[in-house]
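One structure is given here, and the rest of the page talks about it.
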Amino acid sequence: MPTYVKSFPLFLLVPFVLCFVGGVFGQIAESMPVHRRLNVAHRGASYLAPENTLIAYRIAISAGADGAECDVYTTGDGVAILSHDKSTKRTMGGVDKDITKIGWTDIQALDAGAWKGKQFKGEPVPTLEAYLELLKGTNCHPVIEIKMDGIEQPVLDVIRKPGMVDVTTIIAFSPEVVKTVRKLEPNICVAFLYSENFKDKGTPEENADRLTEFLLNRCKDLDTKVLDLNHDILSETLVKRLQGAGIHVWCWTVNDAARMNRLLDWGVESITTDRPELLNDVLKNRN
657 MPTYVKSFPL
667 FLLVPFVLCF
677 VGGVFGQIAE
687 SMPVHRRLNV
697 AHRGASYLAP
707 ENTLIAYRIA
717 ISAGADGAEC
727 DVYTTGDGVA
737 ILSHDKSTKR
747 TMGGVDKDIT
757 KIGWTDIQAL
767 DAGAWKGKQF
777 KGEPVPTLEA
787 YLELLKGTNC
797 HPVIEIKMDG
807 IEQPVLDVIR
817 KPGMVDVTTI
827 IAFSPEVVKT
837 VRKLEPNICV
847 AFLYSENFKD
857 KGTPEENADR
867 LTEFLLNRCK
877 DLDTKVLDLN
887 HDILSETLVK
897 RLQGAGIHVW
907 CWTVNDAARM
917 NRLLDWGVES
927 ITTDRPELLN
937 DVLKNRN
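Numbering (the numbering used here), first residue to last: 657 to 943.
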């Protein structure tokens, strides 16, 4: 290999690679809608109320959130319910049961609020259907994390019933869930969740290059143009590179006003927070 080729700084090729990938990529996911959900309440207003309960979502709506994130499993008898954990232990009364193996009747007997405070005692575990009914017709739209493979069709069936496909975003860590939802419902917005950083493998510039390349390839493979990333792995450089390739960058979970402002300065399009009231104040002060 000629000496001038060996010495050429490869990072200078990154902009050209991103332009090429962005052009090809834009054709792949062109049909997928992308929503603007700047202030997304994490499991509802979960700083103030028990996560994934209707009271948490009511507070989120009042706090000005324009998106409300929830987590979904299906029970052993196929009912889609809201829970971050597969086990009932942490948020449903301390009894360790596998949600996916017990029935909806068993779930109804549990308390989803008492662990957060006595004022929430008796708060029921919501179904996905009840969550959608609460949000329907408001300015706070569904952001649904599918927590297990294989339930994409029943979740989509629940979303279709009240006619909320066009206002709902599906998010998932599972590549298979993202792929399946994209195939089953091309008209719904789908984001891939990711949290791992590429550290200690080179210079910061090289690590940013690798992470950018990995995420763009993943988006292309999954046929999505929305990434919902752990805010800790973000940098201004990464955000700009991804957006330059046509990717919409969302992030989670941010509860600090200074960090919110920095992410907004970088151009992040959506912030998921336990404190939608705080983010709403931040946004008002920026105007």
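All residues carry an ideal CB built from backbone N, CA and C; glycine is no exception. Nothing here was measured: the structure is a model prediction, and the numbers come from that model.
*Please name the residue or residues paired with P831 in a DSSP beta bridge.*
Within the sequence shown, the letter at position 175 stands for residue 831. Beta-bridge pairing links P831 to no other residue.
*asked:* Which runs of the beta strand (DSSP E) at least 3 residues long sit entirely within the region 803 to 888? Give them in chain order.
replied: 825 to 828, 845 to 850 and 882 to 886
*Delimiting residues of the alpha helix (DSSP H) encompassing W602*: For the chain, the structure presents residues 657 to 943; residue 602 sits outside this window and is missing.
*asked:* Measuring only the C-alpha atoms, how far is S926 from K745?
replied: In the sequence shown, the residue the question calls residue 926 occupies position 270. In the sequence shown, the residue the question calls residue 745 occupies position 89. Rounded to the nearest angstrom, the two C-alpha atoms are 31 Å apart.
_Taking the alpha-carbon of T783 as reference, which of T880, G902, I903 and N708 has the nearest alpha-carbon?_
As a position in the sequence shown, residue 783 is number 127, starting the count at 1. Nearest option by C-alpha distance: N708.
*Where does L840 land, buried or exposed, given buried means 16+ other C-beta within 10 angstroms?*
Reading the sequence shown from its first residue, position 184 is the one you call residue 840. Exposed, since its Cβ has fewer than 16 Cβ neighbours within 10 Å.
*Cα-Cα, which of T893, L920, T928 and V924 is closest to N941?*
If you number the sequence shown from 1, residue 941 lands on position 285. For the residues T893, L920, T928 and V924, the minimum Cα distance to N941 belongs to L920.
*Near V677, which residues of its chain fall below 6 Å by C-beta distance, leaving aside the five closest residues on each side in sequence?*
Mapped onto the sequence shown, residue 677 falls at position 21. With a pLDDT of 44 at V677, under the threshold of 50, the modelled position of this residue cannot be trusted; read the value that follows with caution. Cβ neighbours of V677 beyond the five flanking positions: L872 and A901.
_Outcome for S687 when other beta-carbon atoms lying within 10 angstroms are tallied against a minimum of 16_ = Position 31 of the sequence shown, counted from the start, is the residue given in the question as residue 687. Classification of S687: exposed, given that the 10 Å Cβ count is below 16.
*Please specify which runs of the alpha helix (DSSP H), each continuous and at least 4 residues long, are wholly inside the region 695 to 761, giving them in chain order.*
710 to 718
*Quick one: Cα of W906 to Cα of P932, how far?*
If you number the sequence shown from 1, residue 906 lands on position 250. If you number the sequence shown from 1, residue 932 lands on position 276. Approximately 15 Å, taken between the alpha carbons.
*Would you kindly check if the distance between the Cβ of L694 and the Cβ of D722 is under 9 Å?*
Working through the sequence shown from its first residue, we reach residue 722 at position 66. Working through the sequence shown from its first residue, we reach residue 694 at position 38. Yes, they are a contact pair.
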